[in-house]
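Here my numbering is used: the first residue of the sequence shown is 132, the next is one more, and so on.
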Amino acid sequence: MKNGFSHVGLSTHDMEATIDFYQKTLGFECTADNQISVEEGGHLRQVIFDIGAGEFIAFMESHDVPDIPKDYDTGINEALGVPNMFYHFAFSVETPEALTAKRNELIAKGVRVSSLVHHGPGKSFYVKDPNQIQLEFTASMRELDANDSTGSFTIRRAMLDPED
């Protein structure tokens with residue numbers, strides 16, 4: 132058994148848009164689509180995407196389950212009143228060139244993406260999924276070194292909410 136990250140569980144109000152985005156736009160394989168009955172009434176739909184390296188994203192959509200509000204904010208950051216960078220999920224891309232290619236691919240598909248952001252030893256860009264969840268695609272520019280564990284760098288406030 133491998134130790135480490137297994138999956139992250141998120142929620143959606145629109146599973147079809149979520150499937151379309153993660154499967155067709157981002158290219159992640161849908162590995163499960165389950166209905167979970169709730170004894171007190173209603174059901175949940177759970178869809179799981181393989182994001183690579185044995186790691187997964189699971190989305191849940193509630194259907195008439197008592198005491199689950201129908202209008203909660205699935206985007207996390209806005210509901211908490213914090214910048215988009217505070218709660219986000221990052222996907223590794225192998226090289227800086229592959230990162231640029233992924234960004235161009237998403238732009239060609241009509242996805243709104245941020246500009247490339249250089250920070251520390253990496254480079255990234257950001258998008259929001261249909262649930263307003265902040266996603267980061269990132270590539271290392273170099274190996275981490277001792278300076279990275281104690282170093283500091285400066286960013287503009289606008290980088291906390293990348294929206295180019």
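Every residue, glycine too, gets a C-beta built ideally from N, C-alpha and C. A quick note: this is a predicted structure, and the numbers were derived from the prediction, not measured.
request  = Tell me whether His144 sits in a helix, a strand or coil according to DSSP, three-state version.
outcome  = To locate residue 144, count along the sequence shown from 1; it is residue 13. Of the three classes helix, strand and coil, the one that applies to His144 here is coil, per DSSP.
**Request:** Label Ala270 either buried or exposed according to how many other C-beta atoms from any shown protein chain fall within 10 Å of its C-beta, with 16 as the threshold for buried.
**Result:** Locating residue 270 in the sequence shown gives position 139, counting from the first residue. Label assigned to Ala270: buried.
Requested in this report: Could you work out which residue in Met272, Val196 and Gly241 is closest to Phe152 when comparing CA atoms only?
Outcome: Here the question's residue 152 lines up with position 21 in the sequence shown. Comparing Cα positions, the closest option is Gly241.
Ser245 bridges to which residues according to DSSP? Indexing the sequence shown from 1 puts residue 245 at position 114. The partner list for Ser245 (beta bridge, DSSP) is empty, contrary to what the question assumes.
| task | Could you tell me which residues DSSP pairs with Ala229 in its beta bridges? | result | The residue given as residue 229 occupies position 98 in the sequence shown. Beta-bridge pairing links Ala229 to no other residue.
Original post:
Going by DSSP, which residues form a beta bridge with Met191?
Top reply: As a working mapping, residue 191 is identified with position 60 in the sequence shown. DSSP, once it has assigned bridges, lists Ser142 and Gln177 as partnering Met191.
*Residues of its chain near Ile182, where Cβ-Cβ distance is below 8 Å and the 5 sequence neighbours each way are ignored*: Here the question's residue 182 lines up with position 51 in the sequence shown. Result list for Ile182: Phe159, Ile188 and Phe222, in chain order.
Self-check item: Where the beta strand (DSSP E) containing Asn165 begins and where it ends
Solution: For the purposes of this step, residue 165 is identified with residue 34 of the sequence shown, where counting begins at 1. From DSSP, the beta strand (DSSP E) with Asn165 extends over Glu160 to Ser168.
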